[in-house]
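Written below as structure tokens is the structure these notes are about.
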Amino acid sequence: MDQLISHGAPTLPVNDLQRSLTFYTDHLGFEVSFLWEDPATYAILRAGEFTLHLSQRDSPVPEGTEAGRLLYLFVHDVDAMHQRLVDKGARLSGPPERQAYRMRDFEVWDPDGHRITIGRGEE
Numbered sequence: 035m036d037q038l039i040s041h042g043a044p045t046l047p048v049n050d051l052q053r054s055l056t057f058y059t060d061h062l063g064f065e066v067s068f069l070w071e072d073p074a075t076y077a078i079l080r081a082g083e084f085t086l087h088l089s090q091r092d093s094p095v096p097e098g099t100e101a102g103r104l105l106y107l108f109v110h111d112v113d114a115m116h117q118r119l120v121d122k123g124a125r126l127s128g129p130p131e132r133q134a135y136r137m138r139d140f141e142v143w144d145p146d147g148h149r150i151t152i153g154r155g156e157e
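Residue numbers are given in our numbering: position 75 of the sequence shown equals residue 109, and the series is strictly consecutive.
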């Protein structure tokens, strides 16, 4: 059977696109590859082979509302990424922990309450 889907990308709704762009580029190392409109209301970000879309909400969600875990980002060095986020003052679950599912990971929350798990597989 022919492969029908070539690739995909999650789209996260955000309250303040500029604030979210700062978080994803400064904190997590994404690069902006596309902005729609001026001022921007939609963005496409890339990190390695991962693509993420951010979309400005029409009606903001109240601050402090947790959106649930939407992303799992695989990194080369989970300790270095954790330290980077500590240094930037990000809201974290704690240090990386070994999980029963053979990953070592931790969680970070973006400015809109999206919970992102960051980890690396264990050998």
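Glycine included, C-beta positions come from ideal geometry on N, C-alpha and C.
Treat the numbers as computed from the prediction; the structure is a model and nothing was measured.
In the three-state scheme derived from DSSP, where H, G and I count as helix and E and B as strand, His-148 is classed as strand. The alpha-carbon of Ala-74 is positioned some 21 Å away from that of Gly-147. Here Gly-123 is exposed. Its C-beta has fewer than 16 other C-beta atoms within 10 Å.
Considering only Val-48, Gly-63 and Pro-47, the residue with the shortest C-alpha distance to Ile-152 is Gly-63. Judged by DSSP secondary structure, Asp-72 falls outside any beta strand (DSSP E); it is assigned neither H nor E.
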